[in-house]
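**Student:** Quick one: the structure is below, and I'll ask about it shortly.
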Amino acid sequence: MTPERLRTLCLSFNAAVEEFPFNPETSVFKVQGKMFALTALDARPLKVNLKCDPDDALRLRAAHPDVIVPGWHMNKRHWNTVTADGTLPDRLIMELVEDSYDLVVAGLPRAARLRLDRP
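With the UniProt record's numbering applied, the sequence shown corresponds to residues 1 to 119, in that order.
See below:
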């Protein structure tokens with residue numbers, strides 16, 4: 001997973017935006033004002049914080065202990081930090097990003113979710 005592919009993926013979701021609320025190096029990807037991914041795209045190795053179902057978060061950390069860890073500076077129950085250094089298949093990282101987006105959308109008020117469904 002390259003930084004460019006990660007950025008493109010995050011912005012491919014409906015109504016996703018990239019903001020820089022912390023500093024110019026840290027990309028925060030949001031939907032309807034809610035964060036679903038946080039990364040420093042120029043960092044090596046590339047890492048991304050992603051929202052995750054608590055049970056899935058534990059399972060993923062156990063299965064990939066060196067590259068999926070509790071979210072750095074995040075609620076450890078709901079966020080994982082995923083290292084995209086080539087150890088994990090790109091397909092898995094893509095699925096984790098999509099899951100993060102979906103979890104955030106599911107937590108939005110109904111009216112906001114309906115606005116996302118409109119063309």
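We treat Cβ as the ideally placed atom computed from N, Cα and C, and that holds for glycine.
Remember, predicted model here, so these are calculated numbers, not experimental data.
Whose CA, out of Pro3, Arg44, Gln32, Gly71, lies closest to the CA of Leu50?
**Tutor:** For Leu50, the nearest C-alpha among the options comes from Gly71.
**Student:** Mind checking Asn80: buried by the 16 CB within 10 Å criterion, or exposed?
**Tutor:** It is buried - the Cβ of Asn80 has at least 16 other Cβ atoms within 10 Å.
**Student:** Does DSSP classify Ala43 as helix, strand or coil?
**Tutor:** Residue state, collapsed to three classes: coil.
**Student:** What is the C-beta distance between residue 121 and Met74, in whole angstroms, given that I count them as a contact (C-beta under 8 Å)?
**Tutor:** Lying before the first or after the last residue shown, residue 121 is absent from the chain, which here runs from 1 to 119.
**Student:** Should residue 157 be labelled buried (16 or more other beta-carbon atoms within 10 Å of its own) or exposed?
**Tutor:** Limits of the chain in this structure are 1 at one end and 119 at the other, which puts residue 157 out of reach.
**Student:** Nearest to Arg115 by alpha carbon, out of Leu38, Met1, Val31, Pro89?
**Tutor:** The shortest C-alpha separation from Arg115 is found at Val31.
**Student:** Going by beta-carbon coordinates alone, are Leu38 and Pro3 separated by less than 8 Å?
**Tutor:** No. Outside cutoff.
**Student:** Would you call Thr87 buried or exposed, if buried means 16 or more other Cβ atoms sit within 10 Å of its Cβ?
**Tutor:** When all chains shown are included, Thr87 counts as exposed.
**Student:** State the beta-bridge partners of Trp79 as determined by DSSP.
**Tutor:** Answer is Lys51, bridged to Trp79.
**Student:** Taking the alpha helix (DSSP H) that Glu98 falls in, what are its first and last residues?
**Tutor:** First-last of the alpha helix (DSSP H) with Glu98: 90-106.
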